[in-house]
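Worksheet for the structure shown next.
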Amino acid sequence: MKKQELAIGTVNKFYLSFCLLFCLSIFSVLSQESVVKINHEGKEFTQLKHAWTSQWITHPTESTLDARKFLFRRTFDLKAMPEKFIVHLSADNRYRLFVNGRYIISGPSSSDINNYRYETIDIANELIVGKNIIAAEVVNFGEYRKASSMTFQTAFILQGEKSNPVDLNTGKASKWKVINDEGFKSIPFVSDSLRGYYAAGPGEKLISKKHQWGWKEIDYDDVNWLDPKLATVEFAVGRGFLYGSTWYLVPRSIPFLEESEQRFNKIARSVGIDANDDFIKGKGSITIPPNKKVSLLLDQSHHTIGHPELKYSKGKESQIKVTYSEAMYEKDWKKGNRNVVEGKHILGYYDIIEPDGGMNREFKPFGQKTYRFVQLDIETGEEDLLIDDFYGVYTAYPFKENAKFKTDNEVLTQIWDASWLTLRNSAVESFIDPYYEQLQYVGDTRIEAIVSISVDGDDRLMRKAIEMFDNSRLPSGLTQSRYPSYIVQVIPTYSLLWVNMLHDYHMYKNDDEFVKKFIPGMKTVIDWWTAKVDESDMPTNMEWWNFTDWAQGYPNGIPPGADDGYSASVALQFVKTLQNAAQIFRDLGYNEEADRYLELEKRIRQSVVKNCFVTEKGMFAETPNKKQFSQHTNIMAILTDAVPKEDQKALMHKILDDKDLIQTTIYYKFYLFEALQKSGLGNLYSSLLQNWTNQLDQGLTTFAETDINPRSECHAWSASPNYHFLKVVAGIYPLSKNFEEIAIEPHFGDLKGFEAVMPHPNGDIVVNLKKKGNKVKGEIVLPKGTTGIFKFNNREIKLTEGLQIIKQ
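Start counting the sequence shown at 595; every next residue gets the next number (our numbering).
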């Protein structure tokens, strides 16, 4: 697969790429809350700490709990152009903001009710002297909303800075107007209809004859619109407010998403019409004659995400069904080679548009769409229908590919590129699996986060994920397995991975104060697990879902013994977390806790050796009955030093060679490769990538959830090669907290050389090396303020900041 160019144009390019991000970083620190230092007696709400001036508003008569789209607008006059016009806004559940008919931003950033996000922007550049219009469409998908949508009721809030020349605050006496968009309906989907667990929300139906066309424009007549009412809990507040409330508002902590125009590659199949591709290339319309049934299958050529825009005219009494799918299906529901569409059919969620005969209509769904293939099934009435334009709007977290990994091996380049596209398509306002669930899971997120900071260096989405998982903690002390989500799911092993994720951050980034905030949360997770350790010094009587991997031999992903006895795999996962936590606590000055964790991990580790190690096999069994064996448990034995370091290489060979072991899937290969490097066998890494090359051979352009017949075609826990190319092959990894001391320990395998660049908090790490026989030469550049060690062929060379010539 050639590296994909995701964006060929931009939407609001200047405004989104500069002004909004600038405003976010500068103005989000301004206080929207009252400036009082103490809570005053009386009924004046703004004399209470953390109170906003504006109020939440909603539709006066419509349901605010069911699926609805409310349209809000406010006209105002300006006598002169302001230098700044800063507003803070949010909505339950999603909004799009327009100024003078121009799309500006969407939000709010994903969150929960107790930490509800608002955005801060400067709209001055969009204003004109004279009459202006600011408008927002607010949608809530109600009962069938996606699982990550945390909602109280459909509502909107906007508050301007006091320095603004016009007061646009929402509230009881404001001049805002509202109407229910009767042209909006939701289309519920359930798991059975999509042949796999589904939690990503409904499709949308646009009934054009009922929509308020032109409602965003200045000269639209809103005389029949209504005055909004205050929401049930109308007062807007921040965290720390005196009385009970909802929507505790906190500022957006991540940049706005990239939004860029993305054209379809080709028409892969047409039925009922001889179609040209002008309408997908932006060169003209396609006309569908009256009383016709037409099907057009479009191929993006690679996996993507976003909010496609369909522009159409005429076609009264027609219907357009837009189906989105990651792959096409054969009759037996297998996918086969993804590049082949002949004899296959589409299955996926869809939207429906009912044209009204008007000109220059457009449809852009609120819900995120994930697809490689899009099928338009069109049925016209008595009037011809014009499809004027159809294109994607790629919408994703604005990660940049700042790292580099270059070799003369084209396959490795393809894996690198597909891994990065997998990560890009799995990162929006949180890390997600983009098609079926759009939920942020701890197990996935740990890998996605370390890939993102290794390739881009931007840690803001990782920080947000860490905070959200901390916010998800239950009274037991465990985090939820995925968050935000109104469907509670608990995976205790994922709570361990949250602590490990904090350890990753502690090692790769430089913000001790950030990590310290989560000391209480880490303690509660470890305390829950500690209480499960009985007199045998192993965890037992485990509750909830102790998922480890979708491996054959692990029913429901659970290691043997985890539900009804003792599991060496689960015990060693706890050991690894105790080791990581001990390092964090020691580095931050919590020596008593660090000592306690190290004493506990030693007891559990020794118990696993005593009860589960099989001497004649030289491996660890799954349980004390010593009947089953897996790669997973023995991987953890290496990573925790349950097996002596001098024996780890031999054990690693057995893990790789013994096909009777329960085998890891593509997800757990992350940990297999961590153990491979630790055991000194990193040179084998590039020969063990069949899980990825097999998918490329099948035409996948991103890497899937599982190795065989995957549900999801894009699952960024499989994007780990981006990380391991840098860590294992280039050999770049931290030796101390905050990445202060850097290891460069390359593993060439069959490669003759490579060029690697990896972002670091202080700058870039650059490693350009060539190998000939047992000799290596090249250049290494370390960032300012760092030191390092170059390790190769059992020799070590001390490194300092700046350029160093390697010749060994």
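Backbone N, C-alpha and C fix where the C-beta goes; we use that ideal spot for every residue, glycine too.
Remember, it's a predicted structure, so these values are computed and weren't measured experimentally.
Here T1287 is not near T1259, since their CB atoms are 7 Å or more apart. Residue environment for G878: exposed (fewer than 16 other C-beta atoms within 10 angstroms of its C-beta).
When the Cα atoms are used, P676 and P759 turn out to be separated by approximately 7 Å.
N763 and F750 have their C-alpha atoms roughly 11 Å apart. When DSSP assignments are scanned along the segment 836-864, the uninterrupted stretches of beta strand (DSSP E) that are 3 or more residues long and fall wholly within it turn out to be 842-845, 852-856. Counting every other CB atom within 10 Å of its CB across the protein chains shown gives M1056 a total of 16 or more, marking it as buried. Within the model, the alpha-carbon separation for K678 versus E656 is close to 36 Å. Secondary-structure assignment with DSSP links T1394 through no beta bridge to anything.
Residue state for W1139 is assigned as coil, using DSSP reduced to three classes. The criterion of a C-beta distance shorter than 7 Å is not satisfied by I1229 and F1141. Cβ-Cβ distances below 6 Å link R1040 to L1091, M1095 in the same chain, with the five nearest sequence neighbours on each side left out; the list follows chain order.
Residue burial annotation: D983 is buried, with at least 16 other C-beta atoms found within 10 angstroms of its C-beta.
Per DSSP, Q626 lies in no alpha helix (DSSP H) and is assigned neither H nor E. For A645, the number of other beta carbons within 10 angstroms of its own is at least 16, and it is reported as buried.
Secondary structure of G1293 (DSSP, three-state): coil. By the CB criterion at 7 Å, S1013 and P1315 fall inside the cutoff. The segment 1241-1261 makes no contact with the segment 1190-1210; the number of CB pairs closer than 8 Å stays below 3.
Between the segment 691-705 and the segment 719-737 there are three or more C-beta pairs closer than 8 Å, enough to call the two in contact. Look at V817 here: in three-state DSSP terms it is coil, with no helix or strand label.
With respect to the C-alpha of L941, the residue from S787, E1210, K1170, T1234 having the closest C-alpha is S787.
Residue range 1086-1102 is occupied by the alpha helix (DSSP H) that includes P1086. For the pair W1138 and K1371, the Cα-to-Cα distance works out to about 52 Å. At a Cβ-Cβ threshold of 7 Å, A1310 and T1016 count as neighbours. Between the segment 908-918 and the segment 969-980 there are three or more C-beta pairs closer than 8 Å, enough to call the two in contact. Taken through DSSP and simplified to helix, strand or coil, R739 comes out as coil. Put simply, the backbone Cα of E1210 is about 12 Å away from that of K1220.
The shortest CA-to-CA distance from I680 to any of P992, D821, Y965, G754 is the one to G754.
Put simply, the backbone Cα of F664 is about 6 Å away from that of D775.
In this structure, K771 keeps its C-beta atom at 7 Å or more from the C-beta atom of K799. The shortest CA-to-CA distance from A1156 to any of W1144, P1133, Q1173, Q1177 is the one to P1133. Rounded to the nearest angstrom, the gap between the Cα atoms of R1018 and Y991 is 7 Å. The beta carbon of M1062 is closer than 6 Å to those of Y1077 in its chain, skipping five residues each way along the sequence.
Between E903 and K963, the CB-CB gap reaches or exceeds 7 Å.
Bounds of the beta strand (DSSP E) holding L970 are 963-973.
At a cut-off of 3 residues, the continuous stretches assigned as beta strand (DSSP E) that sit fully inside the segment 963-1049 are 963-973, 979-990, 998-1000.
The continuous beta strand (DSSP E) containing D716 extends over residues 710-716.
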